[in-house]
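A.B. asks: Numbering-wise (this note's numbering), the sequence shown opens with residue 6 and increments by one. All residues carry an ideal CB built from backbone N, CA and C; glycine is no exception.
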Amino acid sequence: ENASCIPHIDITIHNTIFINNEWHESKSGKKFPTFNPSKGEKICDIEEGDKPDVDKAVEAAKAAFQRGSPWRQMDAVSRGRLLNKLADLIERDRVLLATLETMDTGKPFLQAFFIDLEGCIKTLRYYAGWADKIQGKTIPVDDNYACFTRHEPVGVCGAITPWNFPLLMLIWKMAPALCCGNTLVVKPAEQTPLTSLYVGSLIKEAGFPPGVVNIVPGYGPTAGAAISTHPQVDKIAFTGSTEVGKLIKEAASKSNLKRVTLELGGKNPCIVCADADLDLAVDCAHQGAFFNQGQCCTAASRVFVDERVYPEFVRRSVEYAQKRLVGDPFDAKTEQGPQVSLLLCFYYC
Numbered sequence: 006e007n008a009s010c011i012p013h014i015d016i017t018i019h020n021t022i023f024i025n026n027e028w029h030e031s032k033s034g035k036k037f038p039t040f041n042p043s044k045g046e047k048i049c050d051i052e053e054g055d056k057p058d059v060d061k062a063v064e065a066a067k068a069a070f071q072r073g074s075p076w077r078q079m080d081a082v083s084r085g086r087l088l089n090k091l092a093d094l095i096e097r098d099r100v101l102l103a104t105l106e107t108m109d110t111g112k113p114f115l116q117a118f119f120i121d122l123e124g125c126i127k128t129l130r131y132y133a134g135w136a137d138k139i140q141g142k143t144i145p146v147d148d149n150y151a152c153f154t155r156h157e158p159v160g161v162c163g164a165i166t167p168w169n170f171p172l173l174m175l176i177w178k179m180a181p182a183l184c185c186g187n188t189l190v191v192k193p194a195e196q197t198p199l200t201s202l203y204v205g206s207l208i209k210e211a212g213f214p215p216g217v218v219n220i221v222p223g224y225g226p227t228a229g230a231a232i233s234t235h236p237q238v239d240k241i242a243f244t245g246s247t248e249v250g251k252l253i254k255e256a257a258s259k260s261n262l263k264r265v266t267l268e269l270g271g272k273n274p275c276i277v278c279a280d281a282d283l284d285l286a287v288d289c290a291h292q293g294a295f296f297n298q299g300q301c302c303t304a305a306s307r308v309f310v311d312e313r314v315y316p317e318f319v320r321r322s323v324e325y326a327q328k329r330l331v332g333d334p335f336d337a338k339t340e341q342g343p344q345v346s347l348l349l350c351f352y353y354c
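(1) Let me know the alpha helix (DSSP H) ranges lying completely inside the region 181-261, each 4 residues or longer, listed in chain order.
(2) Report buried or exposed for residue 150, applying the criterion of at least 16 other Cβ atoms within 10 angstroms of its Cβ.
(3) By a C-beta neighbour count over all protein chains shown, 10 Å radius and 16 as the cutoff for buried, is residue 4 buried or exposed?
(4) So, with DSSP's three-state summary, where would you put residue 33?
(5) Whole angstroms are fine: how far does the CA of residue 205 sit from the CA of residue 14?
(6) State the start and end residues of the unbroken alpha helix (DSSP H) segment that holds residue 45.
(7) Quick one: what's residue 38 bridged to in DSSP?
(8) For residue 190 and residue 232, which I take to be in contact (beta-carbon distance under 8 Å), what is that distance rounded to the nearest angstrom?
(9) Using beta-carbon positions only, say whether residue 276 and residue 309 come within less than 8 Å of one another.
(10) Starting from residue 330, trace the alpha helix (DSSP H) in both directions and tell me its first and last residue.
(11) Return the first residue and the last residue of the alpha helix (DSSP H) that residue 310 is part of.
(12) Under 6 Å Cβ to Cβ from residue 184, same chain only, skipping five residues before and after it: list those, please.
(13) From residue 288 to residue 304, what distance separates their C-alpha atoms?
(14) Could you give the distance in angstroms between the alpha-carbon of residue 6 and the alpha-carbon of residue 102?
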């Protein structure tokens, strides 16, 4: 029997482009669907951002970063307060955000609520505390000179986020950038844009000045490429595949040599020695392989077992797998929901 683990709530869905603290339709008029992978049903249509929309978002971010703007005039303590306010709002809407994340990704609600949302809140509060502690140094030199270092924000930062942890990866990129006084143009994964767009409404509610955070949903070869190649984007952070990471690094070098941070795929071994606690080893291997439906760059995609304990490890591993509960991600008993899409199901399976 299905045991729903969340209270009934009214769901608010934002499906348009967020620029300058306002919601916009795409300049092309195009839209794309986002689906609930648990049911295979369309949730809604999303405005499809393209190069003209990215250009508009970068223009807004650039204006917000200009000296004399409300954001640049804001002191570091106030930036920290805004990050804490955003954390408060995410905590207030924690059930709603976890619900959207589960609807859009298929991950179990309890994992979204206790892992993803908890990580978002803690990350924001961590960087809120750092905002007024970014300090330079004075360097002893000849008496005729004064020498010091001063840390300055980079400028307009592009963030391209993945579909496996849409909200958490957004916050991981957004919080440090805002802590340091940068502005942002975000392109969420086209499979899972809902929580990122909802955060746009919280950015405005928290009191961030217009243009500080801009969110343009769309596809990688269009919206993502427009961010990567844009000459007024000063830094780009990307989480995703190694293949796309190479394209982004190439685009960054050919445009304006923008700074690049890449978090790409991994191939991670789990090694079981002969003297291991086999029950613990089986549990760790399965959690490493199947956490978040196996959709994780740090997943244990290979298991090496000492041949002396291999038969027993396999026996216990099969028993463990047979007990794993796969089903409705809103059921409190479910340990594993669906893959985020049929295409990615074939990729992982």
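C.D. replies: Working from what's here:
(1) 199-211, 230-234, 247-260
(2) exposed
(3) This structure does not reach residue 4, given that the chain is present from 6 up to 354, and the question cannot be answered.
(4) coil
(5) 20 Å
(6) Element bounds for residue 45: n/a, residue is neither H nor E.
(7) 50
(8) 6 Å
(9) yes
(10) Per DSSP, residue 330 belongs to no alpha helix (DSSP H) and is neither H nor E.
(11) Taken as a continuous stretch (DSSP letters only), residue 310 belongs to no alpha helix (DSSP H), being part of the beta strand (DSSP E) at 305-310.
(12) 132, 135, 136
(13) 14 Å
(14) Low confidence applies here, because residue 6 scores a pLDDT of 44, under 50, leaving its location unreliable and the question unanswered by this model.
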